[in-house]
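Notes to accompany the following structure.
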Amino acid sequence: MEKNLVDLIIELKKGCMEDEKQIRTLCNVSLAEYKAVLEIETTERITCNVLSEKMGLSVSRGSRIIDSLVKKGYLLRTENPEDRRSSILSLSSKGAEIKKQIEQERNNCEYRLRKNLSAREVKLIKEGLELIAKVFNQQ
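Quick look at the structure:
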C-alpha cells in the first residue's frame, strides 16, 4: 500500500526528532534550551521578551528557559540601559560553543541526508518540502 503524505511527514518528523534528540543529549540541553540557543545569533543582543516571542512562548515560560541557560553558563544576562525593567541576553562563549556544536551536528545530519542523493533529487525534495510548509502556513 502506498503511503499518504501525512504518513510520510510523520516518518520524516520521527527521523528528524531522533537526530535532534541525539544532538541535545550530546550538548546536554533540553528541547526548549536547544530551540532558544538556535534562535540567538552568536553576536546578537536580544531581550527576554523578544526571545520568548521568537520561540512562540509566553514570557513566563521563556523566562524559565532563559534562567536555565544562564545557570548553565550558555547565556549572559545584563541590564537593559534603555529599560531597567528588562534584560539583554547574549550567548556566552560557552553558549557560542554549544551553538557551534549544535550547528555542526545539524550539518552532519544534512550531509547524511544528501550523500546518496543527486543535486536534482535534493532540489526536488526541497521544492516539495517548501510547498508542504507553504500549505501548512496558509492554514
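Numbered by the working numbering, the letters in the sequence shown go through residues -8 to 130 in order.
Beta carbons: idealized from backbone N, C-alpha and C, even for Gly.
Kindly list the residues whose CB is nearer than 7 angstroms to the CB of residue i, restricted to its own chain and excluding five residues on each side of it in sequence; keep chain order.
i: S54; result: C39
i: N71; result: T38, S77, S78 and I79
i: K26; result: M46
Opposite residue i in the DSSP bridges: which residues?
i: T38; result: I79
Please report the distance separating the alpha-carbon of residue i from that of residue j.
i: S59; j: E96; result: 22 angstroms
i: M46; j: T34; result: 18 angstroms
i: I57; j: L22; result: 13 angstroms
i: N(-5); j: E24; result: 33 angstroms
i: G64; j: S83; result: 7 angstroms
i: E2; j: I116; result: 15 angstroms
i: K12; j: V126; result: 27 angstroms
Using three-state DSSP, classify residue i as helix, strand or coil.
i: K(-6); result: coil
i: E33; result: Here residue 33 turns out to be Thr, not Glu, going by the sequence shown. Residue state, collapsed to three classes: coil.
i: G47; result: coil
For residue i, which residues in the same chain have their Cβ closer than 6 angstroms to its Cβ, ignoring the five residues on either side in sequence?
i: V61; result: R68
i: E134; result: As shown, the chain starts at -8 and ends at 130. That puts residue 134 outside it, with no answer to give.
- Message: For a minimum of 3 consecutive residues, which ranges assigned as the beta strand (DSSP E) are wholly contained in the region 55 to 116?
- Response: 66 to 70 and 78 to 82
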